[in-house]
Every structure is written in C-alpha cells, then in structure tokens.
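Here is the structure we will look at.
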Ligand code: ATP
Ligand code: MN
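Numbering (my numbering), first residue to last: 153 to 631.
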C-alpha cells in the first residue's frame, strides 16, 4: 500500500479509490452512528476526516487513537456528507504508530496562547498556526534562492566562525576550545588566545557582508543566506540572538540600483508567497482578524493580512533622505505634543517609534530612507560629497520598522582607511578587506534583509520568536 500526502488526497485523488494517509490525530469525535478522526500530516493546513463505524474496530485499538497520537488510516475515498470537507476516508484499516496519553499530551484541541506554545516548541509545529508559519517560511526561503538565481546572482557561503567584527558593534558570541575554568594566560595575565584553536580570538559572525564584498568583486553579483548571531540584549519582538540573514552584494551597483533591487526583491518574494501559500495565508488572515477584534478600535489595522501584502506588492515604496525624514518628524504631532519617548533632532539614530510613525502614520506604505549621518552608520558606507552623510539605505515596513539595512560601499582606499581608523578598528585586522580597494576597486553596493522580519511581515505574526522553529533569545536556548 502506498501512502499519499493528505494535501494530495484532498485536492487530487480520485473518488472511490483506496487511499492510505499517515499523520497525527487532531481530534476524535464519537457519535451514535460513526467515529470521526481528523488527521493532519503537515502537508497542508487542512485535516482529512477518517470515518469508522461503531464496532468496526476493537475498543482497545480505538482507545489509543487520541489527540496527538500518530496513525496510518486506510480506506475508500468518498464524497463527504458533513460540512467543511469535500471528501473523507471510509476506514477499512487503522494502524497506531504512537500513542499520546491524553492526561499528559499538552496540545489539546483548544486555543493555546503563543507564550505557552513557546514553552513547548518541540510540539508547536503540530498546531495550525505554526505549521502555516513554517510552510510559509519554507516558501519564502525558496523564493529568495529562486529570485537570485533567476537574476544572475551566485550563492556565496560566507564563514560562520570569524575573526572580524563586521559591524564594529562588539556584540558577538565567542568561539573557543580553551578550558574556561583554567585558561592559559600571557605575560600580562590576560587570556592567551594564541593557544586557542585558531590561534586568535574568534566569534560567530554578525554578518557575511565583508566576505560577501570579496565575492562581488570577483563574481559580480552574489548573495549570502545564512545564520547570523548577535549577543545583543534586546528583548524585543523583533530581535533574535540567532537569525537568518540574506545579503546580496553587487559590483557596479550604486545606491539607486541598490534601492531598486531591494524593492523588486522584496515584492517578488512576497508575491511568491501570495501565489503559493494561499491556504496558509487565508488561515493566518482569519487568525489575525480574530485577534484584531480584541483590540481597541483605533489600534485595529485598516487592512487585512492579504490586503496588506498586496498593497506592498502593488505600490512604490516611498523614498526620501534621512534629513527629509527628520524634518517630517519635527513637524509631526507626536513630536510637538511630546509623545515620542526619544527626542528628535538631526543626528539621532532613529528609534522604532520614529520609523513606525513615518511608515504607519505619515506615508502609510513602506519607506526607504537614505543618506544617514556618518556617525550613526558603519565604517564601510560610502561618504557623500558633503562628508556629513553616507550612502546608506534602510527599508522600513509597517508593523516591523527596519527590515533591510544597506548601502553603497566605500570604494576609495584612503577614505575607507580613514573611516576604519576613525571608528577604532586596527587596519591590520582588516588587511584583506582593505586590499580589495587597492586591487581593482569598483563601485559596489549591497544590503542585509533579516529573514525572520520578512516572515513576520508575511505571516502577520506579532513576535519574531514565533516565526523561527527554535528561537534563541537572552536566557532562552531550550530545544
Ligand atoms: P535594528 O536597528 O533593528 O537592531 P540593525 O541596524 O542592527 O537593526 P543591521 O545590522 O543593518 O540591523 O542588519 C540588517 C538586517 O538584519 C536588519 O535590517 C534586520 O532585518 C535584521 N536584523 C538585525 N538584527 C536582528 C536581530 N537581532 N534579530 C533579527 N533580525 C535582525
Ligand atoms: Mn541591531
């Protein structure tokens, strides 16, 4: 007997055929005339109903079929009399792979809070919400690779263990094999990393960009898509300690080209999800509608999830400079009424409340901000002519804030060296990076998209911990 995914049986299998499906029991209902078992195997958000006659199977076997148990169900596919499904399986054979003691199985068929589900991350993929999120996450990852492949980019694998701190932010996880209870010391009494595995201090990468640039200056257009680690103690709904970042890097691209690519790329992958994840998005849209009802009227979103996604795909992103954005914020009601927590003036690093005002209240669409003050941006961004701002671009999304950070890179050796020193990085530690500006330098640009922030936006989930299978956050690395 060959098994079929439930998705296939529900949509494509022929009536009166004998089918076998395997999956986990969502519910079992018994009435006078029949026993109904709803099964899900993860291939689709939908369950298939398997129907048995009373007395058809031994009580001892039926007792084992409870919510969470795993079974194989064989029977004839028939048109369903009941509401909610077109077809169902008239059972002829039932096999139980694994039971789930109803007194102990935590995922009972009722509404569980997302907070509770985080505590059982090993089981939450069996819920409708998480299976939908994970299938969409998969589709988006595929769309990312497809987009770049279709557009002449090469997938470059940049290292995960690194000796450089790309952002200069110092929020890195150390990688070491030294005995931390008794580490070797040098003459100054400090830990002697010369004796460590790599003969130097190493960390988990915060970004693949610097190595990505090396690739772009040889292959033309590359992208990375890999895990990224930040030991920042940001307990927000938008930060993880381990997240996946997509970083394209392109030779001969200037800031404008970079913006065009970012916009086209994001629209394209969201469009892919709209086209290929209709069932899961419809489920999440309803979930969100229910959630919205519990909110105050003025906090309710005007657009449904699908409307929001289509809006992003169909409309141009608003483009303006940081300086123009500051002017808008200075003229804004919340600024004048003192409602922003952080003060607004030229030179500040925009806070999430400022970004969200621009996107959600002022423009009501995604925004690309450019030409930030050099003091608040990384050393590798290309200086503007005035020397005060750099060719940075941040893409800001409704409900999320920054989803992409990028820039045209400084391609002038002297200027780059000056900036490296200015921010206090030892030029020797970046000799290989600096050399690319001495040997055949070229204008180039790139950006980083936090994959989970994209998944957050597309799924309409509220917390980044709920769009990655096993979140890593301060004080939390179970599972
Ligand atoms: P933020 O200001 O939101 O912390 P950032 O300026 O530190 O972001 P970048 O260093 O520019 O972010 O990284 C590029 C992208 O990576 C961001 O636009 C965002 O989408 C994502 N990102 C950054 N930090 C995190 C994190 N801790 N968890 C998840 N995604 C992140
Ligand atoms: Mn950050």
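Cβ coordinates follow ideal geometry from the N, Cα and C atoms, glycine included.
In the assembly as shown, residue 528 is an exposed residue. Its beta-carbon has fewer than 16 other beta-carbons within 10 Å.
Between residue 216 and residue 204, the C-beta gap is not smaller than 9 Å, which leaves the two residues out of contact.
The beta carbons of residue 325 and residue 381 sit about 5 Å from each other, so the pair counts as a contact at 8 Å. Taking each of 367, 400, 178, 377 in turn and checking the Cα distance to residue 262, the smallest one comes out for 178. The residue among 539, 616, 582, 352 with its C-alpha nearest the C-alpha of residue 552 is 616. Nearest in C-alpha terms to residue 251, of all of 224, 600, 419, is 224. Minimum Cα-Cα distance from residue 618 among the listed residues 288, 597, 513, 424 corresponds to 288. Within the same chain, Cβ atoms closer than 8 Å to the Cβ of residue 491 are found at 485, the five residues on either side in sequence being excluded.
Pairing residue 593 with residue 587, the inter-Cα distance amounts to about 9 Å.
For the set 255, 375, 555, 285, the Cα lying nearest the Cα of residue 300 is the one of 375.
Between the ligand ATP and residue 604, a heavy atom-to-CB distance of less than 8 Å is present. With a cutoff of 8 Å, residue 386 counts as near the ligand MN, since its C-beta is closer than that to a heavy atom of the ligand. Taking a C-beta distance under 9 Å as the contact criterion, residue 306 and residue 373 qualify as a contact pair. Remark: the shortest separation between the CB of residue 395 and any heavy atom of the ligand ATP falls under 8 Å. Remark: fewer than three beta-carbon pairs, one from each stretch, lie closer than 8 Å, so the segment 331 to 344 and the segment 268 to 284 are not flagged as touching. For residue 610, the enclosing alpha helix (DSSP H) stretches over residues 603 to 611. Relative to the ligand ATP, residue 391 has its C-beta within less than 8 Å of a heavy atom.
In this structure, residue 602 and residue 558 do not form a Cβ contact; the two beta carbons are roughly 12 Å apart against a cut-off of 8 Å.
Counting only runs of 4+ residues, the alpha helix (DSSP H) found wholly inside the segment 224 to 289 occupies 266 to 271, in chain order. Rounded to whole angstroms, residue 427 and residue 345 show a C-alpha spacing of 52 Å. In this structure, the straight-line span from the alpha carbon of residue 329 to that of residue 379 is close to 21 Å. Contiguous beta strand (DSSP E) elements confined to the segment 549 to 604 occur at 553 to 560, 596 to 602, taking only those with 3 or more residues. For residue 532, no beta strand (DSSP E) run applies, since DSSP gives it neither H nor E. Restricted to the segment 476 to 519, the alpha helix (DSSP H) segments that are unbroken, complete and at least 4 residues in length are 485 to 488, 504 to 508, listed in chain order. At the C-beta level, residue 191 and residue 171 stay beyond 9 Å of one another. Selection 412, 183, 182, 229 evaluated against residue 164 yields 229 as nearest (Cα-Cα). Contact annotation: residue 273 and residue 622 have beta-carbon atoms nearer than 9 Å. Around the Cβ of residue 352, a 10 Å sphere holds fewer than 16 other Cβ atoms; the residue is exposed.
Rounded to whole angstroms, residue 577 and residue 404 show a C-alpha spacing of 27 Å. Residue 507 and residue 548 have their C-alpha atoms roughly 7 Å apart.
Contact between residue 451 and residue 515 is absent: CB atoms are separated by about 19 Å, not below the 8 Å threshold.
With a cutoff of 8 Å, residue 276 does not count as near the ligand MN, since its C-beta is closer than that to no heavy atom of the ligand.
Distances from the CB of residue 471 to the heavy atoms of the ligand MN are all 8 Å or more. Relative to the ligand MN, even the nearest heavy atom lies 8 Å or more away from the CB of residue 624.
Rounded to whole angstroms, the separation of the alpha carbons of residue 540 and residue 498 is 11 Å. The C-alpha of residue 200 lies about 7 Å from the C-alpha of residue 158.
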